[in-house]
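Peer 1: Okay, handing you the structure first.
Protein chains: 2
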Amino acid sequence: MSIETLSRKDQINQVAQNLFREKGYSATSMRDLAKAIGIEAASLYSHIKSKEELLQNICFRIAAEFFDEYDRVQNGNADPKLRFRHAVTAHTRVVASNLDASSVFFNEWRHLNEPSLSEFKAQRAAYEDRFKNLLKEGIEAGVFRKVQVSFAMRLVFSTLNGIPTWYRNDGALSPDQIAEQIADFLLEGLLKK
Amino acid sequence: MSIETLSRKDQINQVAQNLFREKGYSATSMRDLAKAIGIEAASLYSHIKSKEELLQNICFRIAAEFFDEYDRVQNGNADPKLRFRHAVTAHTRVVASNLDASSVFFNEWRHLNEPSLSEFKAQRAAYEDRFKNLLKEGIEAGVFRKVQVSFAMRLVFSTLNGIPTWYRNDGALSPDQIAEQIADFLLEGLLKK
DNA sequence: TATCTTTGCTAACGAACGTTAGTTTAAACA
DNA sequence: TGTTTAAACTAACGTTCGTTAGCAAAGATA
Chain A
1 MSIETLSRKD
11 QINQVAQNLF
21 REKGYSATSM
31 RDLAKAIGIE
41 AASLYSHIKS
51 KEELLQNICF
61 RIAAEFFDEY
71 DRVQNGNADP
81 KLRFRHAVTA
91 HTRVVASNLD
101 ASSVFFNEWR
111 HLNEPSLSEF
121 KAQRAAYEDR
131 FKNLLKEGIE
141 AGVFRKVQVS
151 FAMRLVFSTL
161 NGIPTWYRND
171 GALSPDQIAE
181 QIADFLLEGL
191 LKK
Chain B
1 MSIETLSRKD
11 QINQVAQNLF
21 REKGYSATSM
31 RDLAKAIGIE
41 AASLYSHIKS
51 KEELLQNICF
61 RIAAEFFDEY
71 DRVQNGNADP
81 KLRFRHAVTA
91 HTRVVASNLD
101 ASSVFFNEWR
111 HLNEPSLSEF
121 KAQRAAYEDR
131 FKNLLKEGIE
141 AGVFRKVQVS
151 FAMRLVFSTL
161 NGIPTWYRND
171 GALSPDQIAE
181 QIADFLLEGL
191 LKK
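Line order of the protein sequences matches chains A and B.
Using this note's numbering, the first residue of the first sequence is number 1, and each one after it goes up by one.
Using this note's numbering, the first residue of the second sequence is number 1, and each one after it goes up by one.
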């Protein structure tokens with residue numbers, strides 16, 4: 001969907017995602033946002049309630065995408081290695097296909113106020129727990145090395161959540177391609193066997 | 001060195017590191033900073049030139065630490081695997097021992113103005129090149145899998161630069177300990193061999 | 001065409017921003 | 001002790017902030 005066919009409200013959300021990512025939430029003024037769209041700052045308020053509402057929408061929409069994509073690829077039948085791979089590739093695809101929103105999700109969530117802030121943290125913790133369980137199952141099945149589950153989960157998410165710092169979705173590598181390569185990297189490591 | 005024995009200027013830098021990390025550079029006001037120290041905002045300017053000078057000092061001091069620690073552990077004699085391990089553990093130690101400054105270095109550098117911004121990017125690129133070369137040597141020596149060097153470097157730094165999002169230097173795990181474990185993770189991967 | 005609703009505008013509010021000027025206090029030194 | 005210097009203070013500057021009020025234009029509906 002090109003940007004011209006979006007409703008103004010959707011357009012505001014999309015441009016806000018991009019500006020919040022590039023400049024940060026606090027350093028992005030409503031006048032910056034309005035100017036990027038081509039209207040006056042006050043006109044934004046015909047479509048949105050507040051600046052923070054924009055941040056909330058961005059953070060919780062992409063959070064829902066993470067959950068949805070995870071649930072879609074976890075049918076519960078596969079072995080631990082494959083289930084972990086599916087989770088990693090699902091997460092990677094969501095990030096790589098939504099670079100602006102993901103960046104905001106990873107870096108700007110702290111500017112949420114209560115009660116959104118607590119809700120955000122709760123959802124994130126629940127999502128992280130799913131990956132911890134996958135790691136635990138892999139270790140118990142003897143497929144993964146005996147690493148600390150919580151520690152490994154943090155390293156995995158560090159790797160995945162850094163994607164927006166370097167990946168450009170410009171056709172050179174598709175989201176699906178980097179998803180598979182990142183899964184290989186996490187599972188196999190750098191060393192040749 | 002406890003915070004009481006610091007010069008006021010060093011104290012300002014230290015508190016600024018912490019606030020810039022916790023709230024972000026733009027969301028941290030000079031009044032916030034002054035209040036955390038226990039003086040008035042205007043009094044800060046007896047010791048510093050500007051808010052941006054604080055950011056510059058933080059970013060370039062930790063950048064120098066990265067280079068220094070890298071150079072210290074690279075004597076050039078070791079094999080590719082060990083040289084890579086030394087680079088990773090050196091980087092990790094600097095991050096884990098300077099969580100506030102590292103966070104600012106990773107996340108707030110974009111608020112630098114020219115010419116500091118270009119200088120920052122140049123230094124970072126030079127540092128990243130050292131890791132790319134280590135990866136290239138490891139692949140050519142047949143020790144590392146044949147991955148894209150630039151891609152692997154990005155994944156490595158994503159893993160390392162995410163440390164401040166989860167690590168607390170509270171004695172449970174020392175910087176040296178996580179450095180070794182992270183190096184294992186990057187080299188060996190999750191799968192049991 | 002007449003009416004209603006949506007979407008934009010200009011103007012402005014009160015608050016917070018980084019920073020400067022000018023002054024007072026405290027510390028260091030003669 | 002008297003003098004100099006460093007480091008704090010109060011007050012305020014011009015700017016920008018998110019947001020609101022009130023009004024005009026444009027589009028949809030009757």
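Built from N, CA and C at the ideal position, the CB exists for glycine as well.
Quick caveat: nothing in here was measured; it's all calculated off a predicted structure.
#1: Can you pull out the residues from the segment 90 to 110 of chain B whose beta carbon lies closer than 7 Å to at least one beta carbon of chain A?
#2: Can you list the alpha helix (DSSP H) stretches of 4 or more residues lying completely in the segment 131 to 175 of chain A, in chain order?
#3: For L186 of chain A, which of helix, strand or coil comes out of DSSP?
#4: Where do the N-terminal and C-terminal ends of the alpha helix (DSSP H) with Q56 of chain B fall, by residue?
#5: Within its chain, find whatever has a CB closer than 6 Å to the CB of S2 of chain B; leave out the 5 residues flanking it on each side and keep chain order.
#6: In whole angstroms, what separates the C-alpha of V147 of chain A from that of I182 of chain B?
#7: Do you know how far the Cα of S102 of chain B is from the Cα of S46 of chain B?
#8: What are the boundary residues of the alpha helix (DSSP H) that includes K192 of chain A?
#9: Would you mind telling me which residues of chain A sit closer than 8 Å to G185 of chain B, beta carbon to beta carbon, in chain order?
#10: Does the segment 54 to 71 of chain B come close enough to the segment 13 to 30 of chain B to have 3 or more Cβ pairs within less than 8 Å?
#11: Who are the near neighbours of K35 of chain B in its chain, counting only those whose CB is closer than 6 Å to its CB and skipping five residues on each side?
#12: So with CB distances below 7 Å, who are the chain A contacts of I182 of chain B?
#13: Can at least three beta-carbon pairs, one atom from the segment 126 to 136 of chain A and one from the segment 148 to 161 of chain A, be found at a separation below 8 Å?
#14: At which residues does the alpha helix (DSSP H) containing E22 of chain A begin and terminate?
#15: Just curious, the alpha helix (DSSP H) that S102 of chain B is in, first and last residue?
#16: My assumption, with CB atoms under 8 Å, is that I163 of chain A sits in contact with V149 of chain A. Please give the rounded CB distance.
#17: Can you tell which of A:K136, A:F67 and A:G24 has the C-alpha that lies nearest to the C-alpha of F120 of chain A?
#18: Is it the case that the segment 177 to 191 of chain A contacts the segment 167 to 187 of chain B, given that we only count it when at least three CB pairs across the two stretches are under 8 Å?
#19: So is I178 of chain B in contact with chain A if we call contact Cβ pairs under 9 Å?
#20: Rounded to a whole number of angstroms, what is the C-alpha to C-alpha distance between H91 of chain B and K136 of chain A?
#21: Classify D71 of chain A as buried or exposed, calling it buried when 16 or more other Cβ atoms lie within 10 Å of its own Cβ.
#22: List the endpoints of the continuous alpha helix (DSSP H) containing I39 of chain A.
#23: The segment 23 to 56 of chain A: which residues have C-beta closer than 7 Å to a C-beta of chain B, in chain order?
#24: Would you say Y127 of chain A reaches chain B, if we count a Cβ-Cβ gap shorter than 9 Å as a contact?
#25: Should A87 of chain B be labelled buried (16 or more other beta-carbon atoms within 10 Å of its own) or exposed?
#26: List, in order along the chain, the chain B residues whose C-beta lies closer than 9 Å to that of S116 of chain A?
#27: Find out if the Cβ-Cβ distance for the pair N161 of chain B, D100 of chain B is shorter than 9 Å.
Peer 2: Checking against the coordinates, here is how it stands:
#1: Cβ contacts with chain A come from N107.
#2: Counting only runs of 4 or more, we get 149 to 161.
#3: Of the three classes helix, strand and coil, the one that applies to L186 of chain A here is helix, per DSSP.
#4: Counted as a single uninterrupted DSSP element, the alpha helix (DSSP H) harbouring Q56 of chain B occupies residues K51 to V73.
#5: For S2 of chain B, the pLDDT reaches just 41, beneath the cut-off of 50, and the residue's location in the model is therefore unreliable, although a value from the coordinates is still provided. Residues of the same chain with their beta carbon placed closer than 6 Å to that of S2 of chain B are lacking, with the five preceding and five following residues left out of the count.
#6: Those two C-alpha atoms are separated by around 11 Å.
#7: The alpha-carbon of S46 of chain B is positioned some 26 Å away from that of S102 of chain B.
#8: Premise fails: K192 of chain A is in no alpha helix (DSSP H) and is neither H nor E.
#9: Note that residue 185 of chain B is Phe in the sequence shown here, rather than Gly. Residues of chain A whose Cβ lies closer than 8 Å to the Cβ of F185 of chain B are, in chain order, V147, A152, L155 and G189.
#10: The segment 54 to 71 of chain B vs the segment 13 to 30 of chain B: in contact.
#11: Same-chain partners within the cutoff: there are none.
#12: Going along chain A in sequence order, the residues near I182 of chain B (Cβ under 7 Å) are L155.
#13: Touching, per the Cβ criterion.
#14: The continuous alpha helix (DSSP H) containing E22 of chain A extends over residues R8 to K23.
#15: Segment L99 to N107, the alpha helix (DSSP H) holding S102 of chain B.
#16: With 8 Å as the limit, I163 of chain A and V149 of chain A do not qualify as a contact, their Cβ atoms being about 22 Å apart.
#17: By alpha-carbon distance to F120 of chain A, the top candidate from A:K136, A:F67 and A:G24 is A:F67.
#18: Using a Cβ-Cβ distance cut-off of 8 Å, the segment 167 to 187 of chain B and the segment 177 to 191 of chain A are in contact, since at least three pairs of beta carbons, one from each stretch, lie closer than that value.
#19: Answer yes: the Cβ-Cβ gap between I178 of chain B and chain A drops below 9 Å somewhere.
#20: Their Cα atoms are separated by approximately 28 Å.
#21: It counts as exposed.
#22: Neither: I39 of chain A is in no alpha helix (DSSP H) and is coded neither H nor E.
#23: Answer in chain order: G24, S26 and A27.
#24: Not one beta carbon of chain B lies nearer than 9 Å to the beta carbon of Y127 of chain A.
#25: By the Cβ neighbour-count rule, A87 of chain B is buried, with 16 or more other Cβ atoms within 10 Å of its own.
#26: In chain order: nothing, as chain B lies at least about 16 Å away.
#27: In this structure, D100 of chain B does not lie closer than 9 Å to N161 of chain B by Cβ.
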